[in-house]
Amino acid sequence: MKASNSARGLDLDSPGLFCETYVTKSELARILNVARSTLVSWDSIALYHIDSYQQAYPVKADGSTDRSCPLSPYQSWVLSRVGRVMQNLKSAERVKNYIKKYPQEFTIAKFQAQFNQVTRGNAA
Numbered sequence: 001m002k003a004s005n006s007a008r009g010l011d012l013d014s015p016g017l018f019c020e021t022y023v024t025k026s027e028l029a030r031i032l033n034v035a036r037s038t039l040v041s042w043d044s045i046a047l048y049h050i051d052s053y054q055q056a057y058p059v060k061a062d063g064s065t066d067r068s069c070p071l072s073p074y075q076s077w078v079l080s081r082v083g084r085v086m087q088n089l090k091s092a093e094r095v096k097n098y099i100k101k102y103p104q105e106f107t108i109a110k111f112q113a114q115f116n117q118v119t120r121g122n123a124a
C-alpha cells in the first residue's frame, strides 16, 4: 500500500492511497487513521455521487448493492480522495458539490493513470 498525505491542504494531484488488494472498511479505516463510522460516511457520499464507485460493488440476487463486501483498490483510492476533500472542505454538502463539479477527479481512468504513474516511479 502506498499513501500520500499533504500538509498543504487539498492536493488532488498527489496520487492518494493505493491498495493492491481488496480491503474491508475496517482495514481501510485503520490505514487512513479514521474511525470506521467516518469511512462509512465517506462511502455513502461516494456511493450516491460517483457512478463508477457504486458500479464497483457487486449486486445481490435481489438487485441491491452488496456494501458488506471488501472494497476494491479503486474504491479504496476513491475513499482516500473523498477523505482528503472532506478534510479541506469540512462539510459533506461541500464535498458532494465538489464531486459534482469535478467528477473527472474520481474516475477509474484517473485511478489507473495515477496508479501507473506511481508504479512506474517505483520501478525506477
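Everything in the sequence shown is counted per the UniProt record's numbering, starting at 1 for the first residue and increasing by one. Virtual Cβ for every residue (Gly too), placed ideally from N, Cα, C. This one's a predicted model, so the numbers in the text were calculated from it and none came from an experiment.
Near residue i, which residues of its chain fall below 8 Å by C-beta distance, leaving aside the five closest residues on each side in sequence?
i          : result
residue 67 : 43, 47 and 57
residue 24 : 70 and 71
residue 29 : 35, 36, 38 and 39
For residue i, list the residues DSSP reports as bridge partners.
i          : result
residue 65 : 59
residue 39 : According to DSSP, residue 39 bridges with nothing at all.
residue 71 : 23
If residue i sits next to residue j, beta carbons under 8 Å apart, how far is it from one beta carbon to the other, in whole angstroms?
i           : j          : result
residue 115 : residue 81 : Not confirmed; about 13 Å, so no contact.
residue 77  : residue 17 : 6 Å
residue 34  : residue 83 : 7 Å
What does a CB cutoff of less than 6 Å around residue i pick up in its chain, not counting 5 residues either side in sequence?
i           : result
residue 134 : Nothing about residue 134 can be reported from this structure: the residues present for the chain run from 1 to 124 only.
residue 103 : none
residue 60  : 66
Cutting at 7 Å between CB atoms, please list the residues of its own chain near residue i, excluding the five before and the five after it.
i          : result
residue 74 : 56, 108 and 111
residue 96 : 45 and 49
residue 22 : 70, 71 and 72
residue 52 : 107 and 108
For this session: Can you check the region 91–116 for any alpha helix (DSSP H) of at least 4 residues that lies completely inside it and give the ranges in chain order?
Result: You should have 92–101.
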